[in-house]
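**Student:** Sharing a structure here in structure tokens format.
Residue numbers (the working numbering): 205 to 459.
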């Protein structure tokens, strides 16, 4: 008896759904906005709850009829509702303009504790410059040594090593190592601050281009200054701006 009941119920629901959609037609349209990132926007028929998503060029197709309301929703756009008219179905250029969501930063207060540092705590002597490994190699290769004697220039008063390093190209190589070391530092800082899901789901960077976007971001001097301050709110805001520019570059390169 129970099995028969469920079978009848499924048949009735199926017939109801077919009847509901029988008078509906596919309406084709396109969303437009001030960005090239138009893929993955949800398009929902509020009456039938049928849902689809937009293609890379912003186009979509969904079952609907006159009087239905289409709801357009996405994390980067403000929700938009369109009440369909008969003219929308005959319009070959049916377009819906979406507005980008603007994330406004709240007041950012940066406190600078000048009196608390490694020198005041006695960790390092006052006035001593600290170096990374690559910076230390570069400093050693370019520093003049006034105590050098036997194999030196100007009567043994200055070491010739810096000159030899310059002429051999070793100095240029070490400078590149310093630059690479700084980029690796910022890359690690960026990856510790944001997960890969943030880049893919929030910023809409394709997974295979996330690493390339990170390199693109740390090439930006203004961004690395904000990143180095470890202010996540400001960093996320500027990262969003760079993501838009990077996706524009990808769109041009992939044409």
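All C-beta atoms, glycine included, are put in the ideal place defined by N, C-alpha and C.
#1: For residue 446, name the three-state secondary structure that DSSP assigns.
#2: Name the two residues that bound the continuous beta strand (DSSP E) containing residue 264.
#3: Tell me whether residue 249 is buried or exposed, calling it buried when 16 or more other Cβ atoms sit within 10 Å of its Cβ.
#4: I need the straight-line Cα distance from residue 177 to residue 449, nearest angstrom please.
#5: Roughly how many whole angstroms lie between the Cα atoms of residue 276 and residue 404?
#6: Give, in chain order, every unbroken run of the beta strand (DSSP E) that is at least 3 residues long and sits entirely within the segment 279-307.
#7: Tell me the start and end of each unbroken beta strand (DSSP E) in the segment 397-457 that is at least 3 residues and wholly inside, in chain order.
#8: Using only the alpha-carbon positions, how far apart do residue 291 and residue 270 sit?
#9: So, helix, strand or coil for residue 394, using DSSP?
#10: Quick check: the Cα distance between residue 284 and residue 302, rounded to an integer number of angstroms?
#11: Tell me, to the nearest whole angstrom, how far the beta carbon of residue 245 is from that of residue 231; I am working on the premise that it is less than 8 Å.
#12: Residue 240 and residue 455 - do their beta-carbons sit closer together than 8 Å?
#13: Write down the C-beta distance between residue 280 and residue 305 rounded to the nearest angstrom, noting that I regard them as a contact closer than 8 Å.
#14: Rounded to whole angstroms, what is the Cα-Cα separation between residue 432 and residue 393?
#15: Taking the continuous beta strand (DSSP E) assigned at residue 229, which residues delimit it?
#16: Under the three-state reduction of DSSP, which class applies to residue 384: helix, strand or coil?
#17: Does the beta-carbon distance from residue 428 to residue 390 come in below 8 Å?
#18: Taking the continuous beta strand (DSSP E) assigned at residue 249, which residues delimit it?
#19: Considering just the uninterrupted stretch of the beta strand (DSSP E) at residue 256, what are its terminal residues?
#20: In chain order, what residues of the same chain lie with their CB nearer than 6 Å to the CB of residue 464, ignoring the 5 residues before and after it?
#21: Apply the 10 Å Cβ neighbour rule to residue 418 and answer buried if 16 or more other Cβ atoms are within range, or exposed otherwise.
#22: Expressed to the nearest angstrom, what Euclidean distance is found between the alpha-carbon atoms of residue 255 and residue 247?
#23: I'd like to know whether the C-beta atoms of residue 411 and residue 446 end up nearer to each other than 8 Å.
#24: Nearest CA to the CA of residue 237: which residue from 262, 423 and 400?
#25: Taking buried to mean at least 16 other C-beta atoms within 10 Å of its own C-beta, is residue 233 buried or exposed?
#26: Would you kindly work out how many angstroms separate the C-alpha atoms of residue 387 and residue 282, rounded to a whole number?
**Tutor:** Here's the rundown:
#1: The residue you call residue 446 lines up with position 242 of the chain shown. Looking at residue 446 - three-state DSSP - the assignment turns out to be helix.
#2: Indexing the chain shown from 1 puts residue 264 at position 60. From DSSP, the beta strand (DSSP E) with residue 264 extends over 263-268.
#3: Here residue 249 refers to the residue found at position 45 when the chain shown is read from its first residue. Buried, since its Cβ has 16 or more Cβ neighbours within 10 Å.
#4: Residue 177 cannot be examined here, being either before or after the span of the chain that is shown, 205 to 459.
#5: Sequence index remark: in the chain shown, residue 276 carries index 72 (1-based). Sequence index remark: in the chain shown, residue 404 carries index 200 (1-based). C-alpha separation (whole angstroms): 21 Å.
#6: 281-287 and 299-301
#7: none
#8: Stepping through the chain shown from its first residue, residue 291 is reached at position 87. Stepping through the chain shown from its first residue, residue 270 is reached at position 66. Cα to Cα, residue 291 sits roughly 9 Å from residue 270.
#9: Sequence index remark: in the chain shown, residue 394 carries index 190 (1-based). Residue state, collapsed to three classes: helix.
#10: For this step, residue 284 is matched to residue 80 along the chain shown. For this step, residue 302 is matched to residue 98 along the chain shown. Taking the straight line from one Cα to the other gives about 7 Å.
#11: Within the chain shown, the letter at position 41 stands for residue 245. Within the chain shown, the letter at position 27 stands for residue 231. Going by Cβ atoms, the distance from residue 245 to residue 231 rounds to 15 Å, so no, they are not a contact pair.
#12: What you label residue 455 is simply residue 251 of the chain shown in a count that begins at 1. What you label residue 240 is simply residue 36 of the chain shown in a count that begins at 1. Their beta carbons are under 8 Å apart, which means residue 455 touches residue 240 by this criterion.
#13: For the purposes of this step, residue 280 is identified with residue 76 of the chain shown, where counting begins at 1. For the purposes of this step, residue 305 is identified with residue 101 of the chain shown, where counting begins at 1. The pair is a contact, with the Cβ atoms about 6 Å apart (cut-off 8 Å).
#14: As a working note, residue 432 is residue 228 in the chain shown. As a working note, residue 393 is residue 189 in the chain shown. Roughly 8 Å separates the two Cα atoms.
#15: Stepping through the chain shown from its first residue, residue 229 is reached at position 25. Taken as a continuous stretch (DSSP letters only), the beta strand (DSSP E) holding residue 229 covers 229-236.
#16: Residue mapping note: residue 384 aligns to position 180 of the chain shown, counting from 1. Three-state result, residue 384: helix.
#17: By one-based count along the chain shown, residue 428 stands at place 224. By one-based count along the chain shown, residue 390 stands at place 186. Yes, they are a contact pair.
#18: Along the chain shown, read from residue 1 onward, the residue named residue 249 stands at position 45. Note, residue 249: beta strand (DSSP E), 246-249.
#19: In the chain shown, counting from the first residue as 1, residue 256 sits at position 52. 255-257 is the extent of the beta strand (DSSP E) around residue 256.
#20: Limits of the chain in this structure are 205 at one end and 459 at the other, which puts residue 464 out of reach.
#21: Numbered from 1 along the chain shown, position 214 holds the residue referred to as residue 418. Residue 418 comes out buried.
#22: The residue labelled residue 255 in the question sits at position 51 within the chain shown. The residue labelled residue 247 in the question sits at position 43 within the chain shown. Roughly 6 Å between the two C-alpha positions.
#23: Numbered from 1 along the chain shown, position 207 holds the residue referred to as residue 411. Numbered from 1 along the chain shown, position 242 holds the residue referred to as residue 446. Going by C-beta atoms, residue 411 is not nearer than 8 Å to residue 446.
#24: Within the chain shown, residue 237 is the residue found at index 33, counting from 1. Nearest of 262, 423 and 400 to residue 237, Cα basis: 262.
#25: For the purposes of this step, residue 233 is taken as residue 29 along the chain shown, with counting starting at 1. Residue 233 comes out buried.
#26: Translated into positions along the chain shown, residue 387 becomes position 183. Translated into positions along the chain shown, residue 282 becomes position 78. One C-alpha to the other measures close to 36 Å.
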